[in-house]
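Residue numbering for the sequence shown follows my numbering, starting at 4 and increasing by one per position. For reference, the structure is listed below as structure tokens.
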Amino acid sequence: MSKPDAELIVLSQQGDETAFAQLVQRYQNKVYTLAVHLLGDREEGRDAAQEVFIRVYNALPRFRKEADFLPWLYTITANIVRDRWRRQQREKGTIRVSLDEMTVELADHRFTPESVLVKKDVRLMVEKAVASLPWDYRIPILLRHTHELSYEEIADIMKIPLNTVKTRIRRGRLLLKDILAPMLEQRRDC
């Protein structure tokens, strides 16, 4: 049976590497997915996720037992990814967007190949639009809609007031609407 986070954290703080490996295994996909969505590149996402868990390992002795682990982990992830993203911008001057990150899940066998392609096409448009959002809107949008975190958890992770999170998500959605409207209109005309 899987041990709860609190127990794994205590064991990890006592030097149990197996317990830490279980924490990594439990959360590596969430960290990797967030990093890839924010950075737009699998390799960068993989490197960022690795850096996150190195930082977590080094910071774990200072982790407060009364704190929630996942928001703390996402805070570290957001900070590392933000630093990497800024470095990318300085080095390249442009944002790299990898559009092959998305997979199409077939939830219903009645989908036709055409509907699957349409779904994938729309999803790629949304991914591209999200990647073009300013950083301050992109993080809360992804945390809310991809990782299904509450506004309160996002505020805690980003270390900003709750109302700021709500405002950024609302403005981010409006920006997405403005970005996607011409794309969808153009697609309809084809």
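Even for Gly, the Cβ is constructed at its ideal location relative to N, Cα and C. On a predicted model such as this, the values are computed, not experimentally measured, just so you know.
Coarse secondary structure for A22, derived from DSSP in three states: Locating residue 22 in the sequence shown gives position 19, where the first residue counts as 1. Under the three-state reduction of DSSP, A22 is assigned to helix.
Distance between beta carbons of L136 and Y154, contact taken as under 8 Å: Stepping through the sequence shown from its first residue, residue 154 is reached at position 151. Stepping through the sequence shown from its first residue, residue 136 is reached at position 133. Separation of the CB atoms of Y154 and L136 is rounded to 18 Å, and the pair is thereby denied contact status at 8 Å.
Enclosing alpha helix (DSSP H) for R141 [first to last residue]: Numbered from 1 along the sequence shown, position 138 holds the residue referred to as residue 141. For R141, the enclosing alpha helix (DSSP H) has its first and last residue at 138-148.
Alpha-carbon spacing of R176 relative to L187, whole angstroms: Indexing the sequence shown from 1 puts residue 176 at position 173. Indexing the sequence shown from 1 puts residue 187 at position 184. Distance from the CA of R176 to the CA of L187, rounded to the nearest whole angstrom, comes to 15 Å.
The region 60-72 / the region 37-47 touching (three or more Cβ pairs under 8 Å): Inter-segment contact for the region 60-72 and the region 37-47 is absent: fewer than three beta-carbon pairs are separated by less than 8 Å.
DSSP state of S15 mapped onto helix, strand, coil: Counting from one through the sequence shown, the residue named residue 15 turns up at place 12. Taken through DSSP and simplified to helix, strand or coil, S15 comes out as helix.
Through-space distance from F23 to L11, alpha-carbon basis: One-based indexing of the sequence shown puts residue 11 at position 8. One-based indexing of the sequence shown puts residue 23 at position 20. Computed Cα separation, rounded: 7 Å.
V168 beta carbon less than 8 Å from that of P143: Counting from 1 along the sequence shown, the entry for residue 143 is found at position 140. Counting from 1 along the sequence shown, the entry for residue 168 is found at position 165. Yes, the Cβ-Cβ distance between P143 and V168 is below 8 Å.
Boundaries of the alpha helix (DSSP H) in which G48 is found, first to last residue: Reading the sequence shown from its first residue, position 45 is the one you call residue 48. According to the DSSP assignment, G48 belongs to the alpha helix (DSSP H) that extends over 45-62.
Residues of its chain near L152, where Cβ-Cβ distance is below 6 Å and the 5 sequence neighbours each way are ignored: Here residue 152 is taken as the residue at index 149 of the sequence shown, counted from 1. Excluding positions up to five away in sequence, the list reads L146.
Residue from Y77, A158, R65, Y140 with nearest C-alpha to L196: Outside the displayed range of the chain (4 to 193) lies residue 196, so it cannot be described from this structure.
Supposed close pair K6, Q31 - CB separation, criterion 8 Å: For this step, residue 6 is matched to residue 3 along the sequence shown. For this step, residue 31 is matched to residue 28 along the sequence shown. Their Cβ separation, rounded to whole angstroms, is 17 Å, which puts K6 and Q31 out of contact at 8 Å.
Buried or exposed (CB count within 10 angstroms, at least 16 for buried), E20: On the sequence shown, position 17 is the one that residue 20 refers to. Burial check for E20: the Cβ neighbour count within 10 Å stays below 16, so the residue is exposed.
Coil, strand or helix - K6 by DSSP: Residue numbering aside, residue 6 sits at position 3 when the sequence shown is read from its first letter. Coil, per DSSP.
Whole-number beta carbon distance between I160 and A81, since they are thought to touch under 8 Å: Along the sequence shown, read from residue 1 onward, the residue named residue 81 stands at position 78. Along the sequence shown, read from residue 1 onward, the residue named residue 160 stands at position 157. With 8 Å as the limit, A81 and I160 qualify as a contact, their Cβ atoms being about 6 Å apart.
Enclosing alpha helix (DSSP H) for D159 [first to last residue]: Here residue 159 is taken as the residue at index 156 of the sequence shown, counted from 1. Unbroken alpha helix (DSSP H) run through D159: 154-161.
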